[in-house]
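Undergrad:
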Amino acid sequence: MAVVVSGALVPAVLLVLAWLMPSLTPPDLPFGVRIPAARRNEPAIVGQLRPYRRWLVGWGAVVPVAGCVLAGFFPDGAGAEVVGTVPAFVVLAVYVTGYTRARRAVLAAKQAGGWYEGLRQGVAADTSLRTSRQPFPWLWALPSVLLTAATAAIGAARYDDMPQRLPMYFGFDGTAVGFADKSVGVAFVPVFGQVALTALITATVWAVLRGRADLDPARPVASAAGHRRYVARMGAALLVLAAALDLSMLLAALRIWDGAGEIPPVLPLAPVAFGLAVLVVAAARTAQDSGPAAADGPDESTVEPDSGLVHADDDRHWRAGIVYVNRQDPALLVRKRFGIGWTVNAGNPRAVLLLLTSVALVVALTVAWRAPEHTTIAATDRDVTFTVDGTLTYGTVHVPAHRAGQRLAAALLLPGSGTTDRDGNQPPAMVVDTLALTANALDADGVMSLRFDKYDSGRTGPGAYRDDPGRIDMAAFTRQAEAAYAVMRDQPESDPRALLIIGHSEGALHALLAAHDVSPAPAGLALLAPQDQRLLDLISRQLGDQLDQLAAAGRVDAATAASNKAGITRAVADFRAERAADTSGLLPPFADLLNGLFSPYNSRFVRTDDATDPLQAARGIPPGTRVEVTCGTADSNVPCDTLPPFTAALRETGTASLVERRLDGVDHLLRPAAAPPQTKVLDPSVLDALHQFDQPWRRRA
10 MAVVVSGALV PAVLLVLAWL MPSLTPPDLP FGVRIPAARR NEPAIVGQLR PYRRWLVGWG
70 AVVPVAGCVL AGFFPDGAGA EVVGTVPAFV VLAVYVTGYT RARRAVLAAK QAGGWYEGLR
130 QGVAADTSLR TSRQPFPWLW ALPSVLLTAA TAAIGAARYD DMPQRLPMYF GFDGTAVGFA
190 DKSVGVAFVP VFGQVALTAL ITATVWAVLR GRADLDPARP VASAAGHRRY VARMGAALLV
250 LAAALDLSML LAALRIWDGA GEIPPVLPLA PVAFGLAVLV VAAARTAQDS GPAAADGPDE
310 STVEPDSGLV HADDDRHWRA GIVYVNRQDP ALLVRKRFGI GWTVNAGNPR AVLLLLTSVA
370 LVVALTVAWR APEHTTIAAT DRDVTFTVDG TLTYGTVHVP AHRAGQRLAA ALLLPGSGTT
430 DRDGNQPPAM VVDTLALTAN ALDADGVMSL RFDKYDSGRT GPGAYRDDPG RIDMAAFTRQ
490 AEAAYAVMRD QPESDPRALL IIGHSEGALH ALLAAHDVSP APAGLALLAP QDQRLLDLIS
550 RQLGDQLDQL AAAGRVDAAT AASNKAGITR AVADFRAERA ADTSGLLPPF ADLLNGLFSP
610 YNSRFVRTDD ATDPLQAARG IPPGTRVEVT CGTADSNVPC DTLPPFTAAL RETGTASLVE
670 RRLDGVDHLL RPAAAPPQTK VLDPSVLDAL HQFDQPWRRR A
């Protein structure tokens with residue numbers, strides 16, 4: 010949504026307004042140049058409209074598309090906020106260039122043709138506009154007042170129930186990236202904004218109603234009537250815009266007071282779009298109300314005779330047709346020559362003071378609304394629990410040091426097979442902290458993480474399967490991973506656009522399965538020494554490799570190794586066919602392993618795991634996911650030479666990028682192969698792989 014708003018929607022709206030500008034301008038002021046009424050249809054004027062609009066379409070229409078592409082390279086962070094404004098400024102540059110070209114052409118034709126030579130120039134005034142002023146449209150101001158009062162009342166009623174920290178700074182996509190401690194001054198910033206904007210727009214309408222009318226001396230009566238219609242309609246439209254802005258701020262305030270982590274952009278933009286549409290329609294209806302042709306009825310424009318005067322050529326007071334400078338004119342505001350609304354008289358010190366005050370007010374409101382806290386919050390570990398399928402699961406969220414309100418990329422860490430706990434251990438036999446060390450590596454890059462004790466490990470234990478452990482299956486572990494992903498997503502510091510899953514061994518298979526179902530889909534997957542074959546195929550190969558090693562060492566003869574390999578193959582085939590697996594004749598360690606796997610305690614899990622094809626799971630991940638796959642050359646569980654079919658399946662999904670890393674001398678536990686059994690260390694190449702993987706989502710305090 011951020012890309013659509015900043016890269017395409019705002020530039021598109023600016024393009025439409027620029028395209029409409031000539032139609033919203035009085036006919037005697039084409040591209041801001043004063044001309045006699047008789048010259049309205051000069052070829053030099055009519056001929057500039059089409060090139061001007063063609064220029065806008067030809068160059069400007071490219072900007073929204075380019076803006077989406079450009080913003081797509083900066084999905085979040087400060088870079089997105091800077092880049093997101095570029096398309097709008099480019100459209101403004103295209104508009105100014107097209108306007109300047111057309112204006113110069115009209116000015117050249119006017120000077121070359123001597124359009125004002127021999128004409129009687131004059132200035133008209135209608136004293137009734139002073140003695141009988143257009144009344145202020147108080148009824149149209151009422152919605153703004155009521156909305157502001159309602160916002161203040163709702164805020165006062167809800168103040169005690171508001172969170173202690175309120176979101177105050179939002180990115181382009183509406184995600185809160187800055188918070189402030191609750192106080193009256195912080196909580197009521199939206200109300201203060203409503204009061205200031207309502208007062209500013211109300212004062213503008215008041216000044217416009219009392220401003221100088223630029224009348225056509227040829228038919229001043231009809232022109233004065235047209236001026237009254239113009240200021241009445243535009244005043245009402247401006248007050249409608251004020252109400253729309255107040256409604257936007259009310260809707261934003263409700264989300265802020267709820268402590269919501271985001272404000273959907275459509276929520277505040279929809280009322281503003283309506284208010285702008287009303288303003289444009291009002292301007293279009295009254296664009297011609299500067300002269301006799303604009304009279305609503307035939308009587309004013311046909312009964313009043315032409316005085317024979319033409320409007321004085323006052324181009325000298327307009328810089329580029331945009332900035333009005335006339336020290337002899339006491340008016341504060343004058344109607345714009347090109348487009349909608351009014352501009353200040355830069356030659357009047359009071360008008361300049363009014364402009365500077367308005368700018369200062371807008372800046373102050375912007376700073377008050379958007380200024381984030383820059384307090385650094387120290388890194389912390391936070392215990393979390395969640396329930397899935399009736400089992401209370403225990404986990405740890407690690408949050409790196411970060412600025413207050415900063416959103417961080419978040420990675421779910423999934424352990425390998427067996428009773429592996431949240432730290433990557435199976436105590437007391439294996440205490441190597443594989444996942445705890447992974448969390449520390451991510452911390453260095455400002456990436457938060459969640460790891461948890463899966464079934465039969467740590468504080469979670471067997472959970473709902475305590476009375477019937479043989480009931481657990483592969484899908485139960487995947488559901489547990491998906492529930493953990495939802496907990497991670499909902500942490501106040503996590504960035505929903507940068508959710509990651511890092512799976513080790515069997516955990517990599519669960520990462521693939523979960524990626525298909527979780528919401529939002531993960532932005533990236535790191536598959537470390539992944540299970541790349543069906544479970545029993547993997548175990549058969551591992552046992553076969555062990556038999557080859559025994560034969561090479563002379564501990565068994567070749568015939569015994571071959572017969573055991575054949576026996577393992579038969580036993581696996583029997584189990585898959587749901588026949589009693591015959592392990593007789595196998596060497597005791599191999600027979601005991603298979604009998605344990607095929608026992609009632611494990612058979613359901615083994616059967617459902619074996620039925621899960623990692624290649625098929627790899628083909629099911631969402632397109633556009635960034636994927637990294639690692640293998641260690643010293644890994645006997647998942648050797649590098651078995652990975653090609655797995656990575657080929659990943660390529661079929663249309664991943665955003667697929668990086669394969671072959672890690673020399675790294676074992677299955679991601680350590681140097683020579684490391685002692687209980688050494689708590691990750692190989693440097695593993696750390697480098699993790700840093701390369703999380704590079705697009707790094708957030709440092």
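Residue numbers (the numbering used here): 10 to 710.
Ideal Cβ positions, reconstructed from N, Cα and C, are used throughout, including at glycine.
Quick caveat: nothing in here was measured; it's all calculated off a predicted structure.
For the beta strand (DSSP E) containing residue 352, name the first residue and the last one.
TA: Residues 351-353.
Undergrad: Can you tell me whether residue 5 is buried or exposed, with buried defined as 16 or more other CB within 10 angstroms of its CB?
TA: Outside the shown range of the chain, which is 10 to 710, sits residue 5, and nothing can be said about it.
Undergrad: Can you grab the Cα-Cα spacing for the pair residue 587 / residue 488, in whole Å?
TA: Looking at the two C-alpha atoms, the distance is approximately 26 Å.
Undergrad: Under three-state DSSP, which class holds residue 97?
TA: Residue 97 falls in the helix class under three-state DSSP.
Undergrad: Give me the Cα-Cα distance between residue 631 and residue 272, rounded to the nearest whole angstrom.
TA: Going by the C-alpha atoms only, they are around 26 Å apart.
Undergrad: Quick one, which of 595, 293, 510 has its alpha-carbon nearest residue 520's?
TA: Checking every option, the nearest Cα to that of residue 520 belongs to 510.
Undergrad: Please return the same chain residues whose Cβ sits closer than 6 Å to the Cβ of residue 408, not counting the five positions on each side in sequence.
TA: Closer than 6 Å at Cβ, skipping near neighbours: 389, 457, 502.
Undergrad: Just confirm the distance between the C-beta atoms of residue 584 and residue 590, as a whole number of angstroms; I'd bet it's less than 8 Å.
TA: Indeed they touch by this definition, with Cβ atoms about 5 Å apart.
Undergrad: With a floor of 4 residues, list each alpha helix (DSSP H) that falls wholly inside the region 396-460, ordered by position along the chain.
TA: Segments of the alpha helix (DSSP H) lying fully in the region 396-460: 443-452.
Undergrad: Please report the distance separating the alpha-carbon of residue 599 from that of residue 429.
TA: Rounded to whole angstroms, residue 599 to residue 429 spans 22 Å at the Cα level.
Undergrad: Counting Cβ pairs closer than 8 Å, one from the region 50-59 and one from the region 114-123, do we hit at least three?
TA: At 8 Å Cβ cutoff, the stretches touch.
Undergrad: Can you give me the Cβ contacts of residue 227 inside the same chain, cut-off strictly under 8 Å, excluding the 5 residues immediately before and after it?
TA: Cβ neighbours of residue 227 beyond the five flanking positions: 46, 300, 301, 315, 316, 317, 318, 319, 320.
Undergrad: First and last residue of the alpha helix (DSSP H) that includes residue 503?
TA: Run containing residue 503: none in the alpha helix (DSSP H); it sits in the beta strand (DSSP E), 503-513.
Undergrad: Give every residue of the same chain whose Cβ lies closer than 7 Å to the Cβ of residue 167, excluding the five residues on either side of it in the sequence, and list them in chain order.
TA: Correct list, in chain order: 266.
Undergrad: Using 8 Å as the Cβ pair cut-off and three pairs as the minimum, do the region 544-558 and the region 668-679 touch?
TA: No contact exists between the region 544-558 and the region 668-679.
Undergrad: The alpha helix (DSSP H) spanning residue 535 covers which residue range?
TA: Where residue 535 is concerned, there is no enclosing alpha helix (DSSP H), although the beta strand (DSSP E) it sits in stretches over 533-537.
Undergrad: Evaluate residue 264 with the Cβ neighbour count: other Cβ atoms within 10 Å of its Cβ, from every protein chain shown; 16 or more gives buried, anything less gives exposed.
TA: Residue 264 comes out buried.
Undergrad: Quick check on residue 246: does DSSP put it in helix, strand or coil?
TA: Residue state, collapsed to three classes: helix.
Undergrad: Under a three-way DSSP split, which group does residue 168 fall into?
TA: In the structure shown, residue 168 sits in a helix (DSSP, three-state: H, G or I).
Undergrad: Can you give the Cα-Cα distance for residue 64 and residue 623, rounded to whole angstroms?
TA: The alpha-carbon atoms of residue 64 and residue 623 are separated by roughly 55 Å.
Undergrad: When you compare only the Cα positions, how much space is there between residue 493 and residue 527?
TA: Each residue's alpha carbon lies about 10 Å from the other.
Undergrad: Counting Cβ pairs, one atom from each stretch, are 3 or more of them under 8 Å apart for the region 346-359 and the region 37-46?
TA: A contact exists between the region 346-359 and the region 37-46.
Undergrad: If you count every other CB in all the chains shown that lies within 10 Å of the CB of residue 529, and 16 or more means buried, which is it?
TA: Answer is exposed; the Cβ neighbour count stays below 16.
Undergrad: So residue 666 is in the beta strand (DSSP E); what residue range does that whole segment cover?
TA: Where residue 666 is concerned, the enclosing beta strand (DSSP E) stretches over 666-672.
Undergrad: Is it buried or exposed, residue 679, if we count other Cβ atoms within 10 angstroms and call 16 or more buried?
TA: Classification of residue 679: buried, given that the 10 Å Cβ count is 16 or more.
Undergrad: What is the rounded straight-line gap between the Cα of residue 699 and the Cα of residue 451?
TA: Cα to Cα, residue 699 sits roughly 7 Å from residue 451.
Undergrad: Among the candidates 558, 548, 512, 561, whose CA atom is the shortest distance from the CA of residue 539?
TA: Measuring from the Cα of residue 539, the nearest candidate turns out to be 512.
Undergrad: Name the two residues that bound the continuous beta strand (DSSP E) containing residue 637.
TA: Its beta strand (DSSP E) spans residues 635-641.
Undergrad: What residues are listed by DSSP as bridge partners for residue 189?
TA: Beta-bridge pairing links residue 189 to 175.
Undergrad: Rounded to whole angstroms, what's the CA-CA distance from residue 684 to residue 448? Just pull it up for me.
TA: If I take the Cα positions, the gap works out to 20 Å.
Undergrad: With three or more C-beta pairs closer than 8 Å as the rule, is the region 598-616 touching the region 474-486?
TA: Yes: the two stretches touch, three or more of their Cβ pairs being nearer than 8 Å.
Undergrad: Going along the chain, which residues of its own chain have a beta-carbon closer than 8 Å to the beta-carbon of residue 625, five neighbours each way excluded?
TA: Only 658 meet the Cβ criterion.
Undergrad: Is there contact here, the region 146-157 with the region 241-254, by at least three beta-carbon pairs under 8 Å?
TA: Cβ pair count under 8 Å is three or more, so yes.
Undergrad: Could you give the C-beta distance for residue 276 and residue 259, rounded to a whole number, given that I count them as a contact under 8 Å?
TA: Incorrect: roughly 10 Å between the Cβ atoms, too far for contact.
Undergrad: Between residue 395 and residue 541, which are expected to be in contact by the criterion C-beta below 8 Å, what is the C-beta distance as a whole number of angstroms?
TA: In fact, because the Cβ distance is near 29 Å, the residues do not count as touching under 8 Å.
Undergrad: In angstroms, rounded to a whole number, what distance separates the CA positions of residue 98 and residue 633?
TA: Cα-Cα distance, rounded: 30 Å.
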